[in-house]
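Throughout, the working numbering is defined as the position within the sequence shown, counted from one, plus 80.
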Amino acid sequence: MNIDTFFNADEKERIRKAISEAEAHTSAEIVPVLTDSSGRYDRAEDLAGCTLAVLTLTVLWLSFQGVSADGAWQDRSAPELILGLGPIILTLVVGFALGVFLASRSWGLRRLFCRVPEMEACLKERAMQAFQMHRVGNTREATGVLIFISTFERMVYVMGDSEISKHLSNDDFVEVKDAIIRGFKEEKYGEGLAQGIQLCGQKLAPHFPRKEDDQDELSNDLILWKQAL
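Written out as structure tokens, the structure reads:
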């Protein structure tokens, strides 16, 4: 999934303005990050390979081994086994390799073999890495907020620095996440993210009102984080 195509220049500008407007009422710093995937999911690829290998062997066994799967009467006392050990092993190896290859090239197939708790754990771990890498935790008063969006998992995670966490948890940002996910489902990426940022600012303002000496410490641009996993 090419995250470069999610937002055009106008939408990126709309997001930048949404951050500026939200931060005009709060001392917090909002940093949106969009990534292609939060995990490598090798296990999902292996499961796809195993599944294809077993399915392929089953089809070959029923087609060429003279075995009836419908309970019909057999003409001979024992089925004639055409496939030997060598072809059976080759079928399993080739089927497994093909399944892994297809899963590595198709996000939909790979995602089919991913468990939701596994994706949630990868999302949180990758969000913590983004928090550090993009310096969200380096604000003067520890009021940075990361909005982390991962397209493979189709999930959003909101993470605040230490001062934010004293007043708001990830669960308090459910409306923010829902607005973004709703926009992405409708392929209104810029609109959905801008609305999520606006809601985030509204939740932050009562606890962290903007001060007269506040400075914009972090960039207001959307960060696209392509990962070599």
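Ideal placement from N, C-alpha and C gives every residue a C-beta, glycine not left out.
Computed from a predicted model, the values in this text were never measured in an experiment.
Review point. Do aspartate 116 and lysine 306 have their C-beta atoms closer together than 7 Å?
Key: Taking the sequence shown and counting its residues from 1, the one referred to as residue 116 is at position 36. Taking the sequence shown and counting its residues from 1, the one referred to as residue 306 is at position 226. Cβ atoms of aspartate 116 and lysine 306: closer than 7 Å.
Review point. So what does tryptophan 305 bridge to, in DSSP terms?
Key: Here residue 305 refers to the residue found at position 225 when the sequence shown is read from its first residue. Note: tryptophan 305 sits in a beta bridge opposite Thr115.
Review point. Does the count of Cβ pairs from the segment 103-117 and the segment 204-222 closer than 8 Å reach three?
Key: yes
Point to revise | Alpha-carbon to alpha-carbon, glycine 263 and glutamate 292 | key: Residue numbering aside, residue 292 sits at position 212 when the sequence shown is read from its first letter. Residue numbering aside, residue 263 sits at position 183 when the sequence shown is read from its first letter. Taking the straight line from one Cα to the other gives about 34 Å.
Point to revise | Under 7 Å between C-beta atoms of tryptophan 187 and phenylalanine 232 | key: Sequence index remark: in the sequence shown, residue 187 carries index 107 (1-based). Sequence index remark: in the sequence shown, residue 232 carries index 152 (1-based). If you check the CB distance, tryptophan 187 and phenylalanine 232 come in under 7 Å.
Exercise for review: Could you tell me which residues DSSP puts in a beta bridge with proline 167?
Suggested key: Stepping through the sequence shown from its first residue, residue 167 is reached at position 87. Proline 167 is not bridged to any residue.
Review point. Within 10 angstroms of its Cβ, does isoleucine 244 collect 16 or more other Cβ (buried), or is it exposed?
Key: Mapped onto the sequence shown, residue 244 falls at position 164. Buried, because 16 or more other Cβ atoms sit within 10 Å of the Cβ of isoleucine 244.
Check your understanding: Among the residues of its own chain, which have a CB less than 7 Å from the CB of glycine 270, if the five just before and after it don't count?
Key -> Numbered from its first residue, the sequence shown carries residue 270 at position 190. Closer than 7 Å at Cβ, skipping near neighbours: Phe87, Glu91, Arg94, Ile95.
Point to revise | Neighbourhood of aspartate 301 by C-beta, 6 Å cutoff - its chain only, sequence neighbours within 5 removed | key: For this step, residue 301 is matched to residue 221 along the sequence shown. Taken in chain order, the residues that qualify are Arg96.
Review point. In this structure, does DSSP put leucine 127 in helix, strand or coil?
Key: Counting from one through the sequence shown, the residue named residue 127 turns up at place 47. Note: leucine 127 maps to helix in three-state DSSP.
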